[in-house]
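In what follows, a single structure is set out as structure tokens and then discussed.
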Amino acid sequence: MALRGLVYVSEARTEFGRPELLALEEHATRRNRERELTGYLWFDEGQFVQYVEGEAETVEALIRRIEDDPRHDVLHVLRDDELGERRFPDWSMQFLTRRSFHGLETLLADHIVFVESVRPQDVESHQTVWRIVDRVRDQQRRLAAQAG
Ligand SMILES: Cc1cc2nc3c(=O)[nH]c(=O)nc-3n(C[C@H](O)[C@H](O)[C@H](O)COP(=O)(O)O)c2cc1C
43 MALRGLVYVS EARTEFGRPE LLALEEHATR RNRERELTGY LWFDEGQFVQ YVEGEAETVE
103 ALIRRIEDDP RHDVLHVLRD DELGERRFPD WSMQFLTRRS FHGLETLLAD HIVFVESVRP
163 QDVESHQTVW RIVDRVRDQQ RRLAAQAG
């Protein structure tokens, strides 16, 4: 079973206030648990960055549904097929905001800029995107260690 990681940036086309985000979180978390998909969804000022990982075909089926979702426009999609193990085994779909990840505000800006700027052939900048995803994971582990 080949694992695939996928990251994209999208722009909201409809209003995403707290109720809409909570409903999306509830739906995504439940469905992803059934499908053994993990990752995070970051929202700030009308832009989403989502990272999803799981069995390659399951990930592709999800990104097709997400791209068809009229509530947003998916702009850039990157795939990582070198994924040996999951980065976020415990997150069915963790919602992140500026507030929930204090200290990573600038990372969010980088995240959006890099995903948007990467050209398919540009391996170096792909690596930068995955390094950012890894930094989110490292931060998550630090927080989990503090909590536990
Ligand atoms: C920004 C964004 C992120 C989403 N992330 C997920 C997700 O991680 N998992 C999921 O099942 N649906 C997600 N959705 C919802 C899908 O676009 C779609 O509505 C859903 O997969 C419908 O199919 P279902 O009812 O079979 O789950 C997301 C939608 C948006 C706008």
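Counting the sequence shown from 1 gives a position; our numbering is that position plus 42. Using N, Cα and C, we set each Cβ at its ideal position, and we do this for glycine too. Quick caveat, the model's predicted, so the values are computed rather than measured.
Write down the C-beta distance between residue i and residue j rounded to the nearest angstrom, noting that I regard them as a contact closer than 8 angstroms.
i           : j           : result
residue 49  : residue 158 : Rounded, the Cβ-Cβ distance is 11 angstroms, inconsistent with contact.
residue 116 : residue 109 : 5 angstroms
residue 65  : residue 88  : With 8 angstroms as the limit, residue 65 and residue 88 do not qualify as a contact, their Cβ atoms being about 17 angstroms apart.
residue 122 : residue 84  : Contact doesn't hold; Cβ gap of about 17 angstroms is too wide.
residue 168 : residue 91  : Not quite, the Cβ-Cβ distance comes to about 15 angstroms (not below 8 angstroms), so this is no contact.
residue 71  : residue 134 : 5 angstroms
Using the beta-carbon count (16 or more within 10 Å), is residue i buried or exposed?
i           : result
residue 43  : exposed
residue 69  : exposed
residue 165 : exposed
residue 160 : buried
residue 59  : exposed
residue 80  : buried
residue 185 : exposed
residue 46  : buried
What number of angstroms, rounded off, separates the C-alpha of residue i from the C-alpha of residue j?
i           : j           : result
residue 94  : residue 127 : 13 angstroms
residue 189 : residue 139 : 19 angstroms
residue 129 : residue 62  : 27 angstroms
residue 132 : residue 78  : 10 angstroms
residue 67  : residue 73  : 10 angstroms
residue 137 : residue 177 : 16 angstroms
residue 187 : residue 155 : 30 angstroms
residue 174 : residue 149 : 7 angstroms
residue 107 : residue 97  : 16 angstroms
For a test of your reading of the model: does the CB of residue i fall under 6 angstroms from any non-hydrogen atom of ligand 1? Yes or no.
i           : result
residue 70  : yes
residue 129 : no
residue 154 : no
residue 43  : no
residue 86  : no
residue 108 : yes
residue 118 : no
residue 46  : no
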